[in-house]
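J.: Counting from 12, one number per residue, gives the positions in the sequence shown under my numbering.
Please read through the structure below; I'll follow up with questions.
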Amino acid sequence: RPSAKCPICDEATSKDYAPFCSKRCADVDLHRWLSGGYAIPAVEQELDSDMPEDAVT
């Protein structure tokens with residue numbers, strides 16, 4: 012099985028920081044999460060004018 016690569020810099024991963032290669036790459040990833048760098052794209056849906064707002068989930 013090929014060795015896993017760090018998702019930040021593509022170096023070989025470290026057992027201590029898996030799935031990253033170092034504390035630096037782990038911290039870069041954490042910063043991206045906390046600053047909104049990673050986001051799931053969403054599609055805004057228009058509300059049906061006949062439906063009350065509280066009925067939309």
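By construction, the Cβ of each residue, glycine as well, lies at the ideal position given by its N, Cα and C atoms.
Being a predicted model, the structure only gives us computed values, none of them experimental.
Under three-state DSSP, which class holds Ala-37?
T.: As a first step, residue 37 must be located in the sequence shown, where it is residue number 26. Three-state result, Ala-37: helix.
J.: Excluding sequence positions up to five away, which residues of its chain have a Cβ less than 7 Å from the Cβ of Cys-20?
T.: The residue given as residue 20 occupies position 9 in the sequence shown. Here the set comprises Cys-32 and Cys-36.
J.: On the DSSP bridge assignment, give the partners of Lys-6 in chain order.
T.: Any answer about residue 6 is impossible in this case: the structure gives the chain only from 12 up to 68.
J.: Would you kindly work out how many angstroms separate the C-alpha atoms of Pro-52 and Asp-40, rounded to a whole number?
T.: Stepping through the sequence shown from its first residue, residue 52 is reached at position 41. Stepping through the sequence shown from its first residue, residue 40 is reached at position 29. Cα to Cα, Pro-52 sits roughly 18 Å from Asp-40.
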